[in-house]
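This report concerns only the one structure given below.
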Amino acid sequence: MTARYLSLLASLFIALAVIAFIARTPPPADDCTPIEFWTMQLSPVLDDYLNQAIADYEQLNPHIKIKWVDVAWADMERKLLAAVAANTAPDIANLNPQFSSKLAEFAALHNPEQFMAQTAIANYFPKVWQANQLHGQIFGVPWYLSTNIAIYNRALFTAANAPFPQTLADIPAIGRQIKQATGAYSFFPSFDGSELLENHVLLGGQFTPADNRLHPADVRRTLAYYRDLYQSGAVPPSVLIDGHQKALDLFQSGQLAILLSGAHMLHSIMLNAPKLADQITVGPHPKSANDTVNIAAMNLVVPRQSDHPQKAFDFVAFITSPARQAEMATHVPVFPSTPASLNAPIFTNADPDNPQYEQAKAYSIAQLKKGEVLLPPMQRYSKLNTVFARQTQRVMLEEISLTEGTTKLIADWNKITRASHD
Amino acid sequence: MKNNSNQSLAIPHFSLSAMPAILGWMRRLGQYTVLASIALLFIGPFLWLLSTALKSGSENIFQYPPDLIPDEPTLSNFARVFEAVPFLTYFFNSALVAALAVSCNLLFCSLAAYPLARLKFAGKNALFLLLISTMMLPFQLLMIPLYTIAVNLGLNNSYLGLIVPHACTAFGVFLMRQAFLTIPKQLEESAYIEGLNHWQIWWHIMLPLVKPTLATLAVFTFIGVWGDFLWPLIIMDEQAKFTLPLGVNKLAGTFGKDWRLVAAGAILSIIPTLIVFVFTQRYFISGALKNAVKG
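First to last, the protein sequences are chains S and L. Be aware that the first sequence starts at 1200, since it is given in the numbering used here, and climbs by one per residue. Be aware that the second sequence starts at 5, since it is given in the numbering used here, and climbs by one per residue.
In structure tokens, the structure reads:
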């Protein structure tokens, strides 16, 4: 190595190091209170909307500086846990109910009822607001909502001469008919997320209010339903290992007849399977045993590490206000947690150029009005979901009988709930 | 008749003499078929990614059976990537971080490896064992303590925060130590006789002889830093400082994924890795000792 070569490398290294060193974040101005606001993968689609909303808020509150950080959906939990461990948690975080309740288990979140006015709280769907509750304490403010509608591949139903299912109970028989006529699958009730336990409730299952215990007859009915789905060929074998994304992939490839998903999925289907989009019919979610539907809520929570909880909740109330949520819905196909937003033109006027989405929107709004968050926040939710899934899968594969599956599932479940309440 | 009998005799004679060549040719054919099949298996996902990136908006991405050849190939998806996200900013950030991380890793790992390979001091083996034992710990386990240290040092949300964890790795020290061990001691002893000190020996004798290992370590480090997603996600908040993996992830929106865009972004982001690999692959099979003999 020559001296010239060495000095060239050294110069390059020093130059890069200088760039890396000087490109550091300047501290916020002293007269401003910084509020850090984390969202879950809303950028870049909501960049314009959120930047404008933040600018409006800062204009109204000149001593507040909102720092918006958009985090990848899949890794929000890890980033937040790392931040909590390092005592650098954000003032506001956008989380799903399961992770929110997990943090609430450790009393890591502020109760919004201690910071928000009753008039503000009255803005939200009462059942959705109450669903964010663990041990009598509210832990999050509902932001945008979603509810599953049915998206059908009409061509497969026509080929099999099968009707659209009216109830969840119709699906195994219709699934068998479609499988025999076309070779395609009908349904993909995935085991990721909370779909299994939500389906348990939709099939008539209940949890005891005090300690979330299960009723044997409910469990037996759910296990029998999943076993029938699997044995009838209505669901693909990959349902045992793949998540909801696989359901969407199969539907977009024309191999799945029914997709139960949010209305926003129509957008994905139109983008990725434009030829299939013409064969789609949308409908309401097939009726459940208790004639209700599930509402999925995305929350805003304020961690206890926040130095400015009151100011954080003030911004939460602003960004989740009926007017702001109606404005947000003009940018992305989501539904508001505030019923007053549903009177905005985006929800009352129909777009004639997009009839499928308009139908989906109408079904979704109707479902929001009568639906509820079916799954209560539970301690050790992940473990409970895992034991439920494990025994359901064993029954589907006929490794164990329905009776054995029911007994084992309840024993495993109770062991966890007992430990939670000891 | 005579001609015919000669011909009939000649055929088996010719066939027998050609048999080893034919067998060799068939063996090679078999080997290449197996190798090509394995290669296809590995590059299959990449080809599907490329096919998706080249498909036009009117084609079904998920059609079954899959169609690898686009009906109406287009480059517009690549252009749309630049419109959707500040791709060049992410590219610059990744390049800056990768260049510094690779440089630091080569420098510090070779500095740390030299005494472990060549000098005699108490606890050398224990220190080495302790060092390589850290390779057994998954990053997920180290993530939170590392983040806490980075925050305390004021490195969060900075390029330095991205570089420091890659600046000296146990794997790099291990690799460089093994490379130094293969160099004949006589070379070092000759250098002592010539009056060189340890620093001069490290720089003038040892490093030139382990250039292939340095290149290998550079490629491994580059690939690791360029594709790292989790650490930049944890430590970086400002979008203007996002590296490519974080930037490409933004193409997959919450309310609808356009897979053509995601595929085009992924293809663009792996091009530098391929370039680095192409320019350094010739060192991979070279041995350090071979260079020493040449020198």
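Just so you know, even glycine gets a beta-carbon here, dropped at the ideal spot from N, CA and C. Computed from a prediction, not measured in an experiment: that's the story for all the values here.
| query | result |
| --- | --- |
| Using the three-state DSSP reduction, which class does residue 1373 of chain S fall into: helix, strand or coil? | helix |
| Between the Cα of residue 93 of chain L and the Cα atoms of L:280, L:251, L:257 and L:287, which residue gives the shortest distance? | L:251 |
| Roughly how many angstroms separate the alpha carbons of residue 285 of chain L and residue 266 of chain L, rounded to a whole number? | 28 Å |
| Measure the CB-CB distance between residue 1404 of chain S and residue 1420 of chain S and report whether it falls below 9 Å. | yes |
| For residue 12 of chain L, which of helix, strand or coil comes out of DSSP? | Only weak support is given to the placement of residue 12 of chain L: the predicted model assigns it a pLDDT of 48, under 50, and the question is left unresolved by the model. |
| Going by DSSP, which residues form a beta bridge with residue 1232 of chain S? | S:1263 |
| Can you give the Cα-Cα distance for residue 62 of chain L and residue 1471 of chain S, rounded to whole angstroms? | 9 Å |
| I want to see whether chain L comes within less than 9 Å of residue 1271 of chain S, judged by CB atoms only; does it? | yes |
| Out of S:1432, S:1274, S:1300 and S:1592, state which residue places its alpha-carbon closest to the alpha-carbon of residue 1579 of chain S. | S:1300 |
| Let me check understanding here. Comparing Cα to Cα, which of L:287, L:107 and L:271 lies closest to residue 81 of chain L? | L:271 |
| I believe residue 1309 of chain S touches residue 1503 of chain S by the beta-carbon criterion, under 8 Å. Please report the beta-carbon distance rounded to the nearest angstrom. | 6 Å |
| Using CA coordinates, which residue listed in S:1368, S:1385 and S:1452 is at the minimum distance from residue 1375 of chain S? | S:1385 |
| Would you mind telling me which residues of chain S sit closer than 8 Å to residue 277 of chain L, beta carbon to beta carbon, in chain order? | Residues of chain S passing the Cβ test: none, with the nearest at roughly 19 Å. |
| In or out: residue 48 of chain L buried (at least 16 other Cβ within 10 Å) or exposed? | exposed |
| Answer with buried or exposed for residue 1397 of chain S, where buried requires no fewer than 16 other C-beta atoms within 10 angstroms of its C-beta. | buried |
| Round the Cβ separation of residue 223 of chain L and residue 281 of chain L to the nearest angstrom and send it over; I've been treating them as touching at under 8 Å. | 6 Å |
| Hey, would you say the C-beta of residue 203 of chain L is under 8 Å away from at least one heavy atom of the ligand NAD? | The ligand NAD is absent from the structure shown, which contains no ligands of any kind. |
| Under the three-state reduction of DSSP, which class applies to residue 85 of chain L: helix, strand or coil? | helix |
| Can a CB atom of chain S be found closer than 9 Å to the CB of residue 63 of chain L? | yes |
| What is the DSSP secondary structure of residue 294 of chain L, reduced to helix, strand or coil? | In this predicted model, residue 294 of chain L has a pLDDT of only 46, less than 50, meaning its place in the structure is not dependable; the value taken from the coordinates is given anyway. Residue 294 of chain L falls in the helix class under three-state DSSP. |
| Would you verify that the beta carbon of residue 1558 of chain S is, or is not, closer than 9 Å to some beta carbon of chain L? | no |
| Mind pulling the chain S residues with CB within less than 8 Å of residue 234 of chain L? | 1274 and 1277 |
| Could you tell me which chain L residues have their CB closer than 8 Å to the CB of residue 1448 of chain S, listed as they occur along the chain? | 66 |
| Where do the ends of the alpha helix (DSSP H) carrying residue 137 of chain L lie? | 128 to 137 |
| Tell me residue 1341 of chain S's beta-bridge partners as DSSP assigns them. | S:1498 |
| Given this structure, state the Cα-to-Cα distance separating residue 249 of chain L from residue 276 of chain L, to the nearest angstrom. | 13 Å |
| Of all the CB atoms in chain L, is at least one closer than 9 Å to the CB of residue 1566 of chain S? | no |
| Let's test the definition: count the other Cβ atoms within 10 Å of the Cβ of residue 1415 of chain S and tell me whether it reaches 16, buried, or not, exposed. | exposed |
| Candidates S:1610, S:1528 and S:1210: which alpha carbon is nearest residue 1413 of chain S's? | S:1610 |
| Distance check for residue 234 of chain L and residue 147 of chain L, CA to CA, integer angstroms please. | 9 Å |
| Cβ of residue 71 of chain L less than 9 Å from any chain S Cβ? | no |
| Show which residues of chain L have a CB atom less than 9 Å away from the CB atom of residue 1301 of chain S. | What residue 1301 of chain S touches in chain L: nothing, since even the nearest Cβ is about 16 Å away. |
| With three or more beta-carbon pairs closer than 8 Å as the criterion, would you say the region 1544 to 1552 of chain S touches the region 1447 to 1458 of chain S? | no |
| In whole angstroms, what is the alpha-carbon distance linking residue 1612 of chain S and residue 1307 of chain S? | 25 Å |
| If you count every other CB in all the chains shown that lies within 10 Å of the CB of residue 1383 of chain S, and 16 or more means buried, which is it? | buried |
| Output, in chain order, the set of chain S residues within a Cβ distance shorter than 7 Å of residue 155 of chain L. | 1285 and 1287 |
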